[in-house]
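Novice: Let me begin by handing over the structure; questions about it come next.
Residue numbers (this note's numbering): 137 to 235.
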């Protein structure tokens, strides 16, 4: 239960909205009251964070992830993919520079 609440709080922190945190915490507590495992509910909240459209930067990121979050109006999963590819290109360029 404690792990599920931590996952939900992390997911809400990524979005930056306390309404989601309160709602998802209530869902986790409600799942336990119904005899269900709260972890699938918490993982559902994490999945919702990935597919929700980004409304801009919650925390000003530095580097590829910050650039992707600033300019993308798409899901966080696609933003993360853009950031990973950009970081790989950057690391590849540095490797070629020092090789």
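Glycine included, every Cβ here is placed at the ideal spot set by N, Cα and C.
Between the beta-carbon of residue 157 and the beta-carbon of residue 177, is there less than 8 angstroms?
Specialist: Contact flag unset, no.
Novice: My output table needs one value for residue 153: the three-state DSSP class, helix, strand or coil.
Specialist: Residue state, collapsed to three classes: coil.
Novice: With 16 as the cutoff for other CB atoms within 10 Å, does residue 139 come out buried or exposed?
Specialist: Residue 139 should be labelled exposed.
Novice: Between the C-alpha atoms of residue 218 and residue 227, what's the straight-line distance to the nearest angstrom?
Specialist: Going by the C-alpha atoms only, they are around 14 angstroms apart.
Novice: Would you report the Cα separation of residue 235 and residue 225, rounded to the nearest angstrom?
Specialist: Rounded to whole angstroms, residue 235 to residue 225 spans 15 angstroms at the Cα level.
Novice: Cβ atoms of residue 155 and residue 188: under 8 angstroms apart, would you say?
Specialist: Their beta carbons are not under 8 angstroms apart, which means residue 188 does not touch residue 155 by this criterion.
Novice: Within 10 angstroms of its Cβ, does residue 169 collect 16 or more other Cβ (buried), or is it exposed?
Specialist: Residue 169 is exposed by the Cβ-count criterion.
Novice: For residue 181 and residue 141, I'd like the C-alpha separation in whole angstroms.
Specialist: Cα to Cα, the separation comes out at about 11 angstroms.
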